[in-house]
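In the numbering used here, the protein residues as written are 15 to 316.
Below is one structure; the comments refer to it alone.
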C-alpha cells in the first residue's frame with residue numbers, strides 16, 4: 015500500500031478506474047429518476063463523510079483557516095459541483111461512454127490553462143499535443159452521442175464544458191494548496207463544502223422530495239459512495255505526487271472504463287468516428303505528457 019501511495023503511475027490507474035465507475039453508476043441513477051444535482055450531492059456528501067470518519071479515527075481533524083475555507087469552497091465549485099452537475103445532466107442525453115470521452119480532454123485543456131496562466135511555458139511538442147487533442151475532440155463532438163441517437167448540440171457543448179471546469183480545478187488546487195495540509199483533510203473539506211452548495215441548490219430548486227428516488231437504487235448508492243470515497247483519497251495524493259497536468263490524465267483511464275462499461279454492460283453503441291476520435295485524443299494526451307516530462311527535465315527560467 016505504501017508503494018501505491020508513493021507511485022504516481024499506480025495512483026493514476028487506481029484513481030482513474032474509480033472515477034470511471036462514476037459514469038455507469040450515474041447513468042443507472044439518473045435512469046431511475048434521480049436528479050443530476052441530487053446524485054452529485056450524494057457523491058460529495060458520501061465521500062466527504064466517509065473520509066471525515068477516517069480522518070477522525072486517525073486522531074486528526076480539519077483545522078479551519080480563512081485560506082482553507084477559500085480553498086474548500088473554490089475547489090468545491092470548480093472541481094466537483096459544476097463538473098458533476100454537467101456530467102450527470104449530460105449522461106442521459108449523450109451516454110456514459112460518450113460523456114466519459116470528455117474526460118480525456120482534461121490534460122490538454124489543463125496544459126492550455128497552465129500556458130495561459132504562465133504556470134508552464136509551451137514547447138513545440140506541447141503545442142502539437144494540444145492540436146492533436148483538439149482534432150480528436152472535434153471528431154467526437156460531430157458524432158453527438160450514441161449511434162442512431164444524435165443528441166442536441168446543447169448537450170454536446172455541456173459535455174465539452176466538463177474538461178474545462180476540471181482543468182480550471184487542476185490548476186487552482188496546485189496554485190493555492192494550503193501549506194502543511196494533507197490530502198485527506200483537503201478532500202474532506204472540499205467535498206463537504208460541495209455538498210453544502212449542492213444541498214442549497216436542491217432545496218431552492220426542487221425541495222426535499224427530490225431525494226425520494228434514491229430509495230429505488232440502494233445498491234447503486236452504496237457502490238457510488240464507496241468508490242467515490244476511495245477515489246478522492248487517492249485523488250489528492252496524486253495531486254501532490256504528480257502535479258496538475260499528470261493528475262489530469264485520470265480522464266484517460268476514466269474514459270476507457272466508462273466507454274467499455276457503457277458498451278458492454280449498459281448496451282450503448284457508438285460510431286466508428288467516435289472511437290477514432292477517442293483514439294486521437296489519447297494520442298494527444300500522450301504527446302502532452304511527453305511535453306510535460308521534457309519541460310520538467312529542462313526547466314526554463316520564469
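C-beta atoms are modelled at their ideal positions from N, C-alpha and C, and glycine is treated no differently.
Exercise for the section: Could you please give the first and the last residue of the uninterrupted alpha helix (DSSP H) stretch that includes residue 97? Expected result: Residues 96-108.
Handout entry: Rounded straight-line distance, which links the Cα of residue 154 to that of residue 286
Key = When the Cα atoms are used, residue 286 and residue 154 turn out to be separated by approximately 10 Å.
Handout entry: Ordered list of alpha helix (DSSP H) runs contained in the stretch 159-199, each at least 4 residues
Key = For the alpha helix (DSSP H) assignment, the uninterrupted runs of no fewer than 4 residues enclosed by the stretch 159-199 are, from N- to C-terminal side, 167-189.
Handout entry: Where the alpha helix (DSSP H) through residue 277 begins and ends
Key = In the DSSP assignment, residue 277 falls within the alpha helix (DSSP H) that extends over 264-278.
Exercise for the section: Indicate the three-state DSSP secondary structure (helix, strand or coil) for residue 304 in the structure shown. Expected result: Helix, per DSSP.
Problem - Classification of residue 61 by the beta-carbon crowding that lies within 10 angstroms, buried from 16 upward - result: A residue is called buried when at least 16 other Cβ atoms come within 10 angstroms of its Cβ; residue 61 meets this threshold and is buried.
Problem - Nearest neighbour of residue 121, chosen from 102, 103, 138 and 143 [CA to CA] - result: In terms of CA proximity to residue 121, 143 leads the group 102, 103, 138 and 143.
Exercise for the section: Under 8 Å by Cβ, that's how I've got residue 103 and residue 205 pegged, so tell me the actual separation to the nearest angstrom. Expected result: Between residue 205 and residue 103 the Cβ distance is about 20 Å, and since that is not below 8 Å, they are no contact.
Problem - Three-state secondary structure (DSSP) of residue 21 - result: In this structure, residue 21 counts as coil in the three-state DSSP scheme.
Practice task
Give me the Cα-Cα distance between residue 53 and residue 298, rounded to the nearest whole angstrom.
Solution key: Each residue's alpha carbon lies about 31 Å from the other.
Practice task
Using beta-carbon positions only, say whether residue 111 and residue 302 come within less than 7 Å of one another.
Solution key: The answer is no: Cβ separation not under 7 Å.
Exercise for the section: Please state if the CB of residue 50 and the CB of residue 108 are separated by a distance shorter than 7 Å. Expected result: At least 7 Å separates the beta-carbon of residue 108 from that of residue 50.
Exercise for the section: Give every residue of the same chain whose Cβ lies closer than 8 Å to the Cβ of residue 25, excluding the five residues on either side of it in the sequence, and list them in chain order. Expected result: So the qualifying residues of the chain are 18, 19, 248, 251, 252, 255 and 256.
Practice task
Let me know the secondary structure DSSP gives residue 284 once reduced to three states.
Solution key: Residue 284 sits in coil when the DSSP states are folded into three classes, being neither helix nor strand.
Handout entry: residue 185 versus residue 178 - alpha carbon distance
Key = Cα-Cα distance, rounded: 11 Å.
Practice task
Kindly indicate which residue of 272, 235, 91 and 280 has the alpha-carbon position closest to the one of residue 31.
Solution key: Closest in alpha carbon position to residue 31, among 272, 235, 91 and 280, is 272.
Exercise for the section: Measure the beta-carbon distance from residue 48 to residue 232 and round it to whole angstroms, keeping in mind my assumption that it falls under 8 Å. Expected result: That pair is no contact at about 12 Å.
Exercise for the section: Report all residues from its chain with a CB closer than 6 Å to the CB of residue 305; omit the five preceding and five following residues, and keep chain order. Expected result: Setting aside the 5 residues that flank it on each side, residue 305 is surrounded in the same chain by 137, 139, 140 and 143, each with a C-beta closer than 6 Å to its C-beta; the list follows chain order.
Handout entry: Assigned secondary structure, residue 79 (DSSP; H/G/I helix, E/B strand, else coil)
Key = Here residue 79 sits in coil by DSSP.
Problem - Option nearest residue 90 by Cα separation, candidates 128, 116, 246 and 172 - result: It is 246.
Exercise for the section: Helix, strand or coil for residue 62, going by three-state DSSP, please let me know. Expected result: It is helical.
Practice task
Could you say which of 190, 199, 280 and 168 lies nearest to residue 243 if we only look at CA atoms?
Solution key: Selected option, being the one with the closest Cα: 199.
Problem - DSSP three-state assignment for residue 84, whether helix, strand or coil - result: Here residue 84 carries a helix assignment [DSSP, helix/strand/coil].
Exercise for the section: Determine the contact status of residue 46 and residue 212, defining contact as a CB-CB distance below 7 Å. Expected result: Cβ atoms of residue 46 and residue 212: not closer than 7 Å.
Exercise for the section: Classify residue 193 as buried or exposed, calling it buried when 16 or more other Cβ atoms lie within 10 Å of its own Cβ. Expected result: When all chains shown are included, residue 193 counts as exposed.
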